[in-house]
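Before any comments, here is the structure.
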Amino acid sequence: MSNQTNEQLPRCYLDFTQAPDQYLGRVIVELFADVVPKTSENFRCLCTGEKRLNAKTKLYYKKCRVHRVIQDFMIQTGDFTNNDGTGGFSIYGRKFDDENFQSKHSKYSLSM
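Numbering (the working numbering), first residue to last: 28 to 139.
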């Protein structure tokens with residue numbers, strides 16, 4: 028877990044819709060930037076869309092589909108290239124190494 032207080036950690040959000048006109052809600056994500064800075068920055072930038080793959084393509088979660096739901100366990104999304112869990116990019120390239128595994132998954136946690 029992070030050693031910083033909630034006010035010090037960056038936050039971003041994901042808005043979910045079922046159809047273009049059916050808003051479901053917003054999930055606010057607090058990032059453990061002190062524990063996993065590269066992973067946190069990658070997620071933050073993919074939420075804001077401020078980085079680009081090339082001149083035409085933003086690296087962005089906007090309009091990204093939820094491709095898998097396991098009730099009472101998890102929701103998978105974030106594959107903005109293939110929309111099925113097999114694609115995706117990071118702001119650092121196709122892949123980047125895991126930073127650490129200090130934090131354990133718990134209810135309401137996010138994993139990349």
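From the three backbone atoms N, C-alpha and C, an ideal C-beta is built for every residue, glycine too.
Beta-bridge pairing by DSSP links Cys91 to no other residue.
Asp106 sits close to Gly115, with the two beta carbons spaced by under 9 Å. Three or more beta-carbon pairs separated by less than 8 Å link the region 68 to 83 to the region 37 to 45, which places the two stretches in contact. Cβ neighbours of Arg92 within its own chain (closer than 8 Å, five residues either side excluded): Thr104, Asp106, Asn110. Classified as exposed, Leu51 has fewer than 16 neighbouring CB atoms from the shown chains inside 10 Å of its CB. The beta carbon of Gln129 sits closer than 7 Å to the beta carbons of Val62 from its chain, once the five residues preceding and following it are set aside; these are given in chain order. Phe43 sits in a strand when the DSSP states are folded into three classes.
Spatial neighbours of Gly112 in its own chain (CB-CB distance under 8 Å, excluding positions within 5 residues in sequence) are listed in chain order as His94, Arg95, Gln103, Asp106.
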